[in-house]
Every structure is written in structure tokens, then in C-alpha cells.
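Take our numbering: the last position of the sequence shown gets the number 380, and nothing is skipped along the way.
Notes for the one structure printed next.
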Amino acid sequence: LPLEGLQAPGGGPLYLRLRQLLEEAIRSGRLGEGDALPAERDLADYADVSRVTVRKAVDDLVRDGLLVRRQGSGTFVAKPVSRVQQPLSRLTSFTEDMARRGLETRSEWLERGLFHPSPEEMMMLGLAAGTLVARLGRLRIARDMPLAIERASLSAEFLPDPEAVTTSLYAELEKKSARPVRAIQRISACNVKEPEAGLLAVPVGAAGLSIERISYLASGRVVEFTRSLYRGDTYDFVAELTLGD
Ligand code: 16G
136 LPLEGLQAPG GGPLYLRLRQ LLEEAIRSGR LGEGDALPAE RDLADYADVS
186 RVTVRKAVDD LVRDGLLVRR QGSGTFVAKP VSRVQQPLSR LTSFTEDMAR
236 RGLETRSEWL ERGLFHPSPE EMMMLGLAAG TLVARLGRLR IARDMPLAIE
286 RASLSAEFLP DPEAVTTSLY AELEKKSARP VRAIQRISAC NVKEPEAGLL
336 AVPVGAAGLS IERISYLASG RVVEFTRSLY RGDTYDFVAE LTLGD
């Protein structure tokens, strides 16, 4: 590992300099995907810095997804994040989108149950007074990488048993003949704040895409109101444009 220049005066905090040198080694390929990082103690000796400094630099790179820690076996260079190309014209589900790319998905549940609706949910879903709302809050993960936080709200009429959704909401709605056929989706830029930054494993202030989807049944009834936050560094939304008349 080329760590020369680490102790140069005026270079800023040591751990940041170390982080930068490690990052350069990864980006240039000198440290390749899957390579193990030397043990913390060895790295500290070698770079002539304290173990606290090494830990801080490594923690930073783990948080930013360049390194991964494996319990009991050490720290390794992570797989580079490849961007997902998501067509914007089709009404598909996250599970389907990832399956099409051969990526395994899982979710960490943040919220799942029936609740009294907020005024916004009542309005967006057109709920009659007294109707409960099913809320599904999930961190969506593909190939062990967190991609998005999604918070879906649906009238309990369509999803009286939110616990029934284990992997795919749309698959469950399909069973209940309530899969949406049309949606309006709004995408806007944002900066990721805490606690979302922690969940998505990006630095606070990183670019994100904030997405709202309102989806409808063929009858015109609203089924779903979903707010999502996608990592800006992993998703490209692609739309086909045709010449209008
Ligand atoms: C997509 C949708 C989300 C929908 C989910 C269902 C966007 C921005 N969001 O992620 O609205 O609830 O798919 O996925 O595209 P599932 O069937 O895998 O649960």
C-alpha cells in the first residue's frame, strides 16, 4: 500500500489523509474487489499512525460502501456499485425489477401494520372516515446493497392483513385482484439526511431521488400512495420519448 505523504504537514486530519490514500488505492485498482485490507494493527504500524486513526478512516470507507466488514474475517474491498437502469414507462414492482436483473432482494421492515390514517393519507387515498390504513415501510436491499427506503400506504380495504406481505406488495395485491394498472410518479432531487443516510449507507447530504407514486385500479380508485427515497448514486431512471403531434 502506498501510504507515502501521509504525515506531510498541512495535509488535514490524519484519518482523512489515510482515507484518501486508501480510496485512491481502491479507485485505481491497486486494491481490487474482494482484496482483504491489512489488519488494523498492521496498517497502523505501517502507516505510523494510531489504531484509532486507522479505525476512523476504515469506518468512513465502510459507511460509504467502498469497504465491507465481514464478522470474524476482516475488511475487504467492496464490489463497485453498478447503476441500475430503470425504465420509467412500465408499472413494475421492485421485486420484479430486480428479479429481471438476476438480483436477489430482501427488505428490512421499518413499519408494517394497520394505523389510523394521517390527514395526508386520507386525502391521497380518498379514504372514508373511520377507514384504517395499511402502512409498509421498508429498506429495500439488492445484492446486499441498500437501494431505497419505501413507505407505502394503502386503504385497509385492499390490504386488511399487511403482515401477509413478506416479499412483494404487488404480488400480494395481485392475489387480491387489486394490483394497480396505472400510476403517476413524481421524481425530485434531494439531499439525504439522517436517519435515512444511515439506513442507505450514504454520507449525510449525499444526492438522493425522492419519489412519490400514486397508483390506480382500472376503475380509477387509488390503491397505493408511496413515498420512496432512492440512492442517487445507484439509480438511473430512463424514459423513451417520442415526437408529439
Ligand atoms: C416499486 C414502487 C413502489 C411499489 C413497489 C412494490 C417505485 C419508485 N416504487 O418499488 O411504489 O410499492 O415497487 O414492490 O418504483 P414489491 O411488489 O416488490 O413490494
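Just so you know, even glycine gets a beta-carbon here, dropped at the ideal spot from N, CA and C.
Through-space distance from residue j to residue i, alpha-carbon basis
i, j, result
"Phe293", "Glu175", "53 Å"
"Phe211", "Pro254", "47 Å"
"Ser288", "Asp380", "37 Å"
"Tyr181", "Gly207", "22 Å"
"Thr377", "Pro222", "15 Å"
"Leu166", "Leu282", "25 Å"
"Glu168", "Asp371", "23 Å"
"Arg186", "Arg152", "14 Å"
"Val373", "Gln220", "7 Å"
"Arg278", "Gly147", "36 Å"
"Gln155", "Lys191", "12 Å"
"Tyr305", "Lys311", "10 Å"
Residues that DSSP places opposite residue i in a beta bridge
i, result
"Asp76", "The structure shown does not extend to residue 76, since the chain is modelled only from 136 through 380, so no value can be given for it."
"Phe293", "DSSP output for Phe293 lists no bridge partner at all."
"Leu249", "Ala269"
"Gln320", "Arg348"
"Glu243", "Leu274"
"Gly164", "In the DSSP output, where bridge partners are listed per residue, Gly164 has none listed."
"Leu364", "Ile284 and Ser345"
"Leu202", "Val212"
"Ala336", "The partner list for Ala336 (beta bridge, DSSP) is empty, contrary to what the question assumes."
"Val357", "Tyr351"
Residue j beta carbon less than 8 Å from that of residue i
i, j, result
"Val337", "Arg366", "yes"
"Ser350", "Val358", "yes"
"Glu285", "Arg273", "yes"
"Arg387", "Ile276", "Nothing can be reported for residue 387: it is not among the residues displayed for the chain, which extend from 136 to 380."
"Ala313", "Leu352", "yes"
"Leu262", "Ser290", "yes"
Complete alpha helix (DSSP H) runs within the segment 269–313 (minimum length 4 residues, chain order) = Here the runs fully enclosed are 304–310.
By C-beta, the residues closer than 5 Å to any heavy atom of the ligand 16G, given in chain order = Those residues, listed in chain order, are Ser228, Phe229, Thr230, Ala287, Ser303, Leu304, Tyr305, Ile346, Arg348, Thr361 and Ser363.
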